[in-house]
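Trainee: Chains as they are written, first to last, in the numbering used here: chain F, 1293 to 1847; chain Y, 1293 to 1847.
Ideal Cβ placement from N, Cα and C applies to all residues, glycine included.
2 protein chains.
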Amino acid sequence: MSDIEIARAAKKKPIQEIGEKLGIPWEHLLPFGHDKAKVSEDFIKSLSDRKDGHLVLVTAINPTPAGEGKTTTTVGLGDGLNAIGKTAAVCIREASLGPCFGMKGGAAGGGYAQVVPMEDMNLHFTGDFHAITSAHNLLAAMLDNHIYWGNEQQVDIRRIAYRRVMDMNDRALRQIVCNLGGVANGFPREAGFDITVASEVMAILCLATDLADLERRLGDIIVAYRRDKTPVFCRDIKADGAMTVLLQQAMQPNLVQTLENNPAFVHGGPFANIAHGCNSVVATTTALKLADYVVTEAGFGADLGAEKFMDIKCRKAGLNPEAVVIVATVRAMKMNGGVAKADLGAENVEAVKAGCENLGRHIDNVKKFGVPAVVAINHFVTDTDAEVKAVQEYVATQGTEAVLCKHWAEGSKGTEDLANKVVEIVESGKASYKPLYPDEMPLFEKIETIAKEIYHADEVVADSKVRAQLKEWEDQGYGNLPVCMAKTQYSFTTDPSRRGAPTGHSLPVREVRLSAGAGFVVVVCGEIMTMPGLPKVPSAESICINDDGLIDGLF
Amino acid sequence: MSDIEIARAAKKKPIQEIGEKLGIPWEHLLPFGHDKAKVSEDFIKSLSDRKDGHLVLVTAINPTPAGEGKTTTTVGLGDGLNAIGKTAAVCIREASLGPCFGMKGGAAGGGYAQVVPMEDMNLHFTGDFHAITSAHNLLAAMLDNHIYWGNEQQVDIRRIAYRRVMDMNDRALRQIVCNLGGVANGFPREAGFDITVASEVMAILCLATDLADLERRLGDIIVAYRRDKTPVFCRDIKADGAMTVLLQQAMQPNLVQTLENNPAFVHGGPFANIAHGCNSVVATTTALKLADYVVTEAGFGADLGAEKFMDIKCRKAGLNPEAVVIVATVRAMKMNGGVAKADLGAENVEAVKAGCENLGRHIDNVKKFGVPAVVAINHFVTDTDAEVKAVQEYVATQGTEAVLCKHWAEGSKGTEDLANKVVEIVESGKASYKPLYPDEMPLFEKIETIAKEIYHADEVVADSKVRAQLKEWEDQGYGNLPVCMAKTQYSFTTDPSRRGAPTGHSLPVREVRLSAGAGFVVVVCGEIMTMPGLPKVPSAESICINDDGLIDGLF
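If you want it as C-alpha cells, here you go:
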C-alpha cells in the first residue's frame, strides 16, 4: 500500500481520547473537527509545577535525493516508545501550504509511521500559518500606513527591512514595486514577498514561551531604519498588540495522532535556513509536562538542524535533550559514497562504507553538545544484509550503535529495538547538554566556532562590511544572541555537490541579518531562497477531489 | 452595558446543543472550538428531499452615519421568531478581517441581539476567508508560473484580468509592478491586490450550490485575454481542481448561536458593490431544510442589497422569499430629512416626516419583486413617541406597517410583534417572488431596468465602448447573466450626498466587468474601492490582550 492508502485506512480515534492518554481534560482541548485539537493556554499554564519528561532529538545525515525519513523515524520512534510501555509524544512541524502545490505534499511521515489526518496537515490544518500570514502582513500594512499619514517615525523608505509574506510559491512576488498609482496609494518603493515559513513572526511564534513573551518579541522586530540608521521597531508602529491578538489561537499547540493512535503535537514550522527549523517551544515544553518521552526533530541534516536545535531552541528555552537519534539510510550512504540515484538498487557495500564518513562526522559533531547519539538505519526494501552490516560495523567504530528500524513497513514493531536503546541511553544519565558556544562569545567567533567545529572548515571568509555590521549589533546590545546559519543542507560546505565529509574548505559569509524579535543573527552563506517558485508542471494541476470525494494528487 | 460587555457575559451553549435544535447529529458537526462548527457536506446532501422553510429578507433604507442596525434586526427577528414558537435560524455574512484593524470590528449584531462568539467572528473564525485567499492566490501564482514556463496559452501580459487578494486594508498593494528582479522572477508587469471579500472566488463560493458547481464556476473564471482577445479561463491554467480542494472545508456552512442560544449560520461575505453582498447559498438552502423560518440579510440598502438578493441570489439559487423586512431608524429618517449627525438627539418630527420619502421608495421598490414588505423601526433611546408615530403614519400611507422593535435593549421580547407580523405575512400566502427582469433581456436593458425601476433615474449614460463590450459578451453567450450594480450605497443616485428620494438623475456607467465564474456582469457606476486603506490612527494600535486575557479594542 502507498503512504496515502495507508493514511486513508487509518482507524483514527476521537481527538478527546488521544488527549485523555496525556491527561488533558476535554474542556481544555479546542477541537478542530473530530481529529485535531488545540491545547488550551490555561491548561498549559496549569502544568508549570510538573516535572519534565525526557527529550529526544531525531536528526539525520546530510539529505540526499535518496531520502532519509527523519519525520518517519520520529513518528516511528514515538510509536515504538509507546509500544514498550512508555508514555511518549511526538513533536513535529506543520507543513507549509504553498510548496504542496509545487512538488508534492509536505511530510507527515510515511508507511506505517505517519501522523494523521494527512490531508488536513498538508492544507489549512488549524489555521496557524494563515494567522501568521495575517499578523505579519498587518505590520507591513501598518508600516506603509504610518509612512502615508506623515511618517512620524521618519522611516527611510529605502531602508525598510520588513517584507510581506504569503503561504504560496509565487516567484512573481519576490521583487515588486508597491505604492504605485498616485498620491492616494502612498510613496512608491521597492518591496517583496517571502513565503510564510520564512517570516520572522513564524520564528517568533516558535520560540516564544507564552503570550507575553510573544508580544515582547513581536515588538522587538526591526521593520526599518531611519536616515540616521537607528532602527524602527514593530512597537514604534504599535502593531505588537494586534499581532498578538491575531496569534493568540495559533500559539496553542495542535494535537493529532499517529496511525497507532499515539499523541503527536504538530506546531509551528520555521524555515530551516533563515530560521531555526524546529517545532514550537510551547509544543515541546507542553509535551514534556505530559509525556515520559518526547521525540522531536529538526530541519535538514544534523550540521544545520541539530546545531540550531541545540544552540538556539534548547539554549533559549532551557531544554535538556538526553539522547540524539541520527537517521541514516543505506541508500543515502551509497550516494555519499558516489553512487548515482539510478544505481541505488544494486548492492554496493564498498560505496556504503565510503559514504559512512558523512554519518561519522555527524556522530562526532553531536557529541560536542554533550548528548549521546545512536544511529537509526531506516530500512528500505532493497537494502542487503551486507550493506546494513557495513553501516553497523562502521558506527561501532565511532563509539555508538546503529539500530536497524523497520517502522515504514511494520510501525512500532519495527522501532522497538531503537526505543529500547533510547531508553537505555536516557536512563544511563550520560547526557550533559551544553551549547557549542557561550552567549557572551563575540558574534563572529560564534560563526567561526560553528564553521570549524561542525562544518570542519578551515576559515570563515567575510568582508569588512559584514564584520562591521556584526560589531555594530554587538554595540547595540545584540552580541549575546546565537547565530542562525543559512547554508545549503546538502553538504558540510557551501557547495551542495560536495558530499561525504569534506575538509580544507572555507565558509564564505555573504550577508548577515538581524532577527531581533526571534532573537538570532542570520548568517547567510550562499544563495538562500525565501520565496520558492512553482515547477513547470505544478502538482496543483493534478490535485482535485475525486469521484469518491477523496483528495487526489496532494501526495 | 456595551455590546462587548453583553457579548462577554453570554451564556453560550455547546455548539452540539445548538445543532440538536435543528436536528443535526453530532457526527455531522465539525467543531471549531466548543462554540463554532461546520455542518458536514454529507449531512447537507442527505437533506435534499425535505421541504423548505420560509425565507425572510431583512434589508434597509440607504445607510446613513446614524446607523440602521440591519444585522441587529436580523438577529433580533430570528430570536423573536423562536420566542413565539417557530424554529428559526439566522443567516448572515462573515466579517472581513482586514477592516477590523482599520475602523472597528465587523458586525455581529448589537445589544441583546448579537451572534457569538464575537471575537472569533471578527478574527479568523473558521478560516473560510483564509481558504478563499489561498485559493485565489494559487490561481494567480499558477498564471504567472504558466507565463514563466513558456506561456503555452499565449496570455497577453497586458491583459491580465485577475489580481491577487489579501484580507487586509493595505493601500500599498493596490497597484504594483511584479515579476521584477531578472530572468528567474518572470516577466515584469503591472498588477495589484484587492481585499479578499472582493475576490471573485468569494462570490463563487457564496453562489455555488455544491462542490461540483463550485469547481465548474472556478474553472469559468476569466483570468486574462490573449492577443487575439479570446479569454483565458482558470481551467486553461488547470487550477480549478486544486482551488476546489482548498475550498472544500470552507464550502461547509458555519453554525454559531445568538445570545439567546438560537442557531445562526454565518457563512461567506462577498462585497456588496462588485459582488452581490449576500451570505452563501449553501448556508441559506441548508437552513431552509432545517428551520421553519430563515431570516437573512443583504448588504447595504435595499436599492443595492435587496435588488441583488432578488435578482442574483434568489434567481440563481431558486429561492423563494416570502417576506421582506425593511429596517429604518428615526435617526436615519431625520438625517434623510436634512438633520446633521450632531443634532440627532433633539426631537424633530418634521425632519422625520421629510426623511420618510427614502423609506417610501424602498417599500415601493420591494413590491416590484412580488414580496410583501414590513418596516421594522429599530428603536433608539432618544427616539420620541411622536417621531416613531410619524414614521408609522407615513408607512401606513404606503400600504404596509411599521413595527417598533426594541431588540437592542430587550432581545427577543423586543421583536415579538415583528415576528408575529412576519408570520402573518408569510401565512397569508401573498408572496409571489419574481425577479425584476428576465434572463433573456439584453444586458444594457437590464441596467436600464434597474436604473429606472429601482433608482428612479431618467437614463443610463454609457459610452460606446461600454455598450460594445456588453454586446461582445452577449455574442459570447454571457447575455443571460444578471447584472451586479456597483454604486454608492448612500444614495439612489451615484452622488453619495443626495439623500431622500431623488428623481431626474442619470446613471453613468463607467466600466463593466465580467465575473464569468460568479455568473454576473459587474456594472461600475462611479468610484469603487476594492482595496481599502487604514486610517491615520488604525484601531489596530489599540487592539491587545488585556490583563484579564480578554481582547480589547476590537469593537
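Indicate the three-state DSSP secondary structure (helix, strand or coil) for A1423/Y in the structure shown.
Mentor: Residue state, collapsed to three classes: helix.
Trainee: For chain F, find out if any of its Cβ atoms is closer than 8 Å to the Cβ of V1558/Y; answer yes or no.
Mentor: No, V1558/Y lies away from the interface with chain F (no Cβ there is under 8 Å from its Cβ).
Trainee: Since Q1544/F and G1473/Y should fall inside the 8 Å C-beta cutoff, what is the C-beta to C-beta distance between them, to a whole number of angstroms?
Mentor: Between G1473/Y and Q1544/F the Cβ distance is about 38 Å, and since that is not below 8 Å, they are no contact.
Trainee: Looking at A1615/Y: is its Cβ nearer than 8 Å to the Cβ of V1718/Y?
Mentor: Contact flag set, yes.
Trainee: Checking 8 Å against the spacing of the C-beta atoms, do M1458/Y and N1553/F come in under that value?
Mentor: No, they are not a contact pair.
Trainee: Express the C-alpha separation of A1567/F and A1495/F in angstroms, rounding to a whole number.
Mentor: Cα-Cα distance, rounded: 6 Å.
Trainee: Would you give the residue range spanned by the alpha helix (DSSP H) that S1857/Y belongs to?
Mentor: Here chain Y comprises residues numbered 1293 to 1847, so residue 1857/Y is not present and cannot be evaluated.
Trainee: Could you tell me whether the Cβ of V1447/F comes closer than 8 Å to any Cβ of chain Y?
Mentor: Chain Y, which has no Cβ nearer than 8 Å to the Cβ of V1447/F, makes this no.
Trainee: Using beta carbons (cut-off 8 Å, strictly below), is E1833/F in contact with chain Y?
Mentor: Taking Cβ atoms only, chain Y reaches closer than 8 Å to E1833/F, which makes this a yes.
Trainee: Under the assumption that A1277/F contacts G1345/F (Cβ atoms under 8 Å), give the Cβ distance between them as a whole number of angstroms.
Mentor: Examination of residue 1277/F is not possible in this model, given that chain F is present from 1293 through 1847 alone.
Trainee: Under 8 Å between C-beta atoms, does V1457/F make it to chain Y?
Mentor: Taking Cβ atoms only, chain Y never reaches closer than 8 Å to V1457/F, which makes this a no.
Trainee: If contacts are defined as beta-carbon pairs under 8 Å, then D1295/F and G1402/F qualify, I think. What distance do you get, rounded to the angstrom?
Mentor: Rounded, the Cβ-Cβ distance is 5 Å, consistent with contact.
Trainee: Please list the partners that F1335/F has in chain Y, where partner means a Cβ-to-Cβ separation under 8 Å.
Mentor: Neighbours of F1335/F on chain Y: none; closest Cβ ~13 Å, over 8 Å.
Trainee: Given a threshold of 16 other Cβ atoms within 10 Å of its Cβ, counted over all protein chains shown, does S1724/Y qualify as buried or as exposed?
Mentor: The residue in question, S1724/Y, is exposed, as its Cβ has fewer than 16 Cβ neighbours within 10 Å.
Trainee: With a cut-off of 8 Å, does the C-beta of A1423/Y fall near any C-beta of chain F?
Mentor: At least one chain F Cβ lies under 8 Å of A1423/Y.
Trainee: Can you give the beta carbon distance from E1537/F to I1835/Y, rounded, assuming they're within the 8 Å contact cut?
Mentor: For clarity, residue 1537/F is Val in the given sequence; the question names Glu instead. The Cβ separation is near 5 Å, so the contact holds.
Trainee: Could you tell me whether the Cβ of I1496/Y comes closer than 8 Å to any Cβ of chain F?
Mentor: No - not a single Cβ of chain F is within 8 Å of the one on I1496/Y.
Trainee: For D1528/F, collect the residues of the same chain with a Cβ closer than 7 Å to its Cβ; drop the 5 residues on either side in sequence, then sort them by chain order.
Mentor: Excluding sequence neighbours, D1528/F sits near Q1445.
Trainee: When DSSP builds the beta bridges, which residues end up paired with N1546/F?
Mentor: Answer is K1330/F, bridged to N1546/F.
Trainee: Please list the segments of the alpha helix (DSSP H) lying wholly inside the stretch 1606-1681 of chain Y, counting only runs of 4 or more residues, in order along the chain.
Mentor: Entirely contained in the stretch 1606-1681 of chain Y, the alpha helix (DSSP H) runs reaching 4 residues are, in chain order, 1622-1628, 1641-1659.
Trainee: Which same chain residues, not among the five before or five after A1427/Y, have their C-beta less than 7 Å away from its C-beta?
Mentor: Around A1427/Y: V1493, M1535, L1538, L1539.
Trainee: Residues of chain Y with CB closer than 8 Å to the CB of S1426/F, please, in chain order.
Mentor: Residues of chain Y passing the Cβ test: L1389, H1416, H1422, D1459, M1460.
Trainee: Report the start-end ranges of each beta strand (DSSP E) in the stretch 1298-1385 of chain Y that is 3 residues or longer and not cut off at the edges.
Mentor: For the stretch 1298-1385 of chain Y, whole beta strand (DSSP E) runs of length 3 or above, ordered along the chain, are 1321-1323, 1329-1331, 1346-1352, 1380-1384.
Trainee: Please confirm if N1478/F has its CB atom under 8 Å from at least one CB of chain Y.
Mentor: Note that residue 1478/F is Gly in the sequence shown here, rather than Asn. Chain Y, which has a Cβ nearer than 8 Å to the Cβ of G1478/F, makes this yes.
Trainee: Within 8 Å of any Cβ in chain F, is that where the Cβ of A1534/Y sits?
Mentor: Yes, because at least one Cβ of chain F sits closer than 8 Å to the Cβ of A1534/Y.
Trainee: For C1817/Y, does the three-state DSSP call read helix, strand or coil?
Mentor: Of the three classes helix, strand and coil, the one that applies to C1817/Y here is coil, per DSSP.
Trainee: Looking at chain F, which residues of the stretch 1519-1531 of chain Y have a Cβ within less than 8 Å of any of its Cβ atoms?
Mentor: Result list: K1530, A1531.
Trainee: Could you tell me which residues DSSP puts in a beta bridge with T1576/F?
Mentor: According to DSSP, which records beta bridges pairwise, T1576/F is partnered with nothing at all.
Trainee: What does a CB cutoff of less than 8 Å around V1801/F pick up in its chain, not counting 5 residues either side in sequence?
Mentor: The residues are I1739, V1752, V1753, A1754, V1758, V1815, V1816, C1817.
Trainee: Quick check: the stretch 1699-1714 of chain Y against the stretch 1400-1419 of chain Y, are at least 3 beta-carbon pairs closer than 8 Å?
Mentor: Touching, per the Cβ criterion.
Trainee: Report the start-end ranges of each beta strand (DSSP E) in the stretch 1505-1565 of chain F that is 3 residues or longer and not cut off at the edges.
Mentor: For the stretch 1505-1565 of chain F, whole beta strand (DSSP E) runs of length 3 or above, ordered along the chain, are 1514-1518, 1523-1525, 1546-1550, 1555-1558.
Trainee: Who are the neighbours of P1830/Y on chain F, taking C-beta pairs under 8 Å?
Mentor: Simply M1434, N1437.
Trainee: Can you find a C-beta in chain F that's less than 8 Å from the C-beta of G1818/Y?
Mentor: For G1818/Y, the answer is no, since every Cβ of chain F falls outside 8 Å of its Cβ.
Trainee: Assuming C1526/F contacts L1465/Y under a Cβ cut-off of 8 Å, what Cβ separation, rounded to an integer in Å, is found between them?
Mentor: The Cβ separation is near 19 Å, so there is no contact.
Trainee: For the putative contact between M1627/F and G1652/F, defined by C-beta atoms under 8 Å, what is the C-beta separation to the nearest angstrom?
Mentor: Incorrect: roughly 16 Å between the Cβ atoms, too far for contact.
Trainee: Compare the beta carbon distance of F1421/Y and R1455/Y with 8 Å and say whether it is the shorter of the two.
Mentor: No, they are not a contact pair.
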